[in-house]
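The structure appears below as structure tokens.
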Amino acid sequence: MTEHLHIEGLGVEFNGFKAVNDLNLSVAQGELRCLIGPNGAGKTTTLDLICGKTRPMHGSIRYRGREIARLPEFQIARAGIGRKFQVPSVFRQLTVRENLEVAHCKHISVYTNILRSGRSAESDGLEKLAAFVDLSDYFEAPASVLSHGQTQWLEIALLLAQDSELILLDEPAAGMTHQETQKTADICNRLKGKHTIIVVEHDMGFVRQIAQVVSVMHQGTLLMEGTVEEISRDQRVREVYLGSTLGI
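Just add 935 to the spot in the sequence shown (first one is 1) and you have this note's numbering.
Structure, rendered in structure tokens:
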């Protein structure tokens, strides 16, 4: 498979604490990769570094062969990398359709996009995005009426409206009901292949449903990579993470 993202020797410190420490990671085109590990392992910081929210102190991040480690956040987003944070960031006063229009808009001004009217191939495409994340019934409803899970799905749809090829999801199943978690896993599984996805997640049941490869982080570096079954059998992983969280 073609390499989509390559991280080498990546590191950043905060007040002397090495949040990410000489991290090496490669993700193939169309792959769904899960990052797991104990709190403080550096998982979310790694996503911050990839999307440009945090600037690395050393190391390389190559996306589609291009070095992006020191690009501004907006340039990284324009290159095709989309990030969904733990706390949803949708326009709650706008409808689902309007949120998607804002995300899809190529202009800087939000209002230019909101004021557009009339049906078009573009608006039909946005309806298909809403259907993809099971929000067709809420297309003209304000985002404020959506449940927690539905708001998370809208955020994923916003990344698709922005044409993100590499999607970074930070704990997408957190706070969801069992049914919402199942539907989120289904959305992720339908996305992989067409999109490259990196998921940071603590819910190992969710990880088992979606992961092709699991990367285990510990103390800012890569401890092990493999399938869910392989990492579950590894004694080091059991000691630093799985044993304490799952009792296995």
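Where a beta carbon is used, it is the ideal one built from N, C-alpha and C, also for glycine.
Find out if the Cβ-Cβ distance for the pair residue i, residue j is shorter than 8 Å.
| i | j | result |
| --- | --- | --- |
| T1131 | G994 | no |
| L982 | V1135 | yes |
| A1096 | A1038 | yes |
| L960 | S1079 | no |
| E1165 | H1137 | no |
| Y998 | L1101 | yes |
| L1186 | G946 | This structure cannot settle anything about residue 1186, because the visible part of the chain is limited to 936 through 1183. |
| R1171 | M1152 | no |
| L984 | I971 | no |
| L1103 | R1018 | yes |
| N956 | T1162 | no |
| C986 | I1016 | yes |
| L1093 | A1065 | no |
| R1032 | F1074 | yes |
| W1088 | L1061 | no |
| H939 | A954 | no |
| E1002 | K988 | no |
| T1112 | G1140 | no |
Based on DSSP bridge pairs, tell me the residues matched to residue i.
| i | result |
| --- | --- |
| P1130 | It is His, not Pro, that sits at residue 1130 in the sequence shown. H1130 is bridged to K1127. |
| I1030 | Here the sequence assigns Thr to residue 1030, which means Ile is not the residue at that position. DSSP lists P1077 as partners of T1030. |
| E938 | A963 |
| L945 | L958 |
| S1150 | L970, E1160 |
| R1001 | Y998 |
| V1135 | L970, D1105 |
Over what stretch of residues does the alpha helix (DSSP H) that includes residue i continue unbroken?
| i | result |
| --- | --- |
| D983 | 978-986 |
| S995 | Counting along the chain, S995 falls outside any alpha helix (DSSP H), though it belongs to the beta strand (DSSP E) covering 993-998. |
| L1093 | 1083-1096 |
| R1143 | 1139-1145 |
| A1012 | 1008-1014 |
| S1167 | 1163-1168 |
Counting along the chain, where does the beta strand (DSSP E) carrying residue i start and finish?
| i | result |
| --- | --- |
| G1155 | No beta strand (DSSP E) holds G1155; DSSP gives it neither H nor E. |
| A963 | 952-963 |
| F1020 | Looking at the DSSP string, F1020 is not in any beta strand (DSSP E), and its letter there is neither H nor E. |
| I1102 | 1101-1105 |
For residue i, decide whether its Cβ has a neighbour in chain C, counting only Cβ atoms nearer than 8 Å.
| i | result |
| --- | --- |
| C1123 | No chain C appears in this structure, which consists of one protein chain only. |
Problem - Given 8 Å, three or more beta-carbon pairs between the stretch 1022-1040 and the stretch 989-1004 - result: Too few Cβ pairs lie closer than 8 Å, so no.
Practice task
Specify whether the stretch 1136-1156 and the stretch 1110-1124 touch according to this definition: at least 3 beta carbon pairs, one from each stretch, less than 8 Å apart.
Solution key: Judged by Cβ distances under 8 Å, the stretch 1136-1156 makes contact with the stretch 1110-1124, as three or more pairs qualify.
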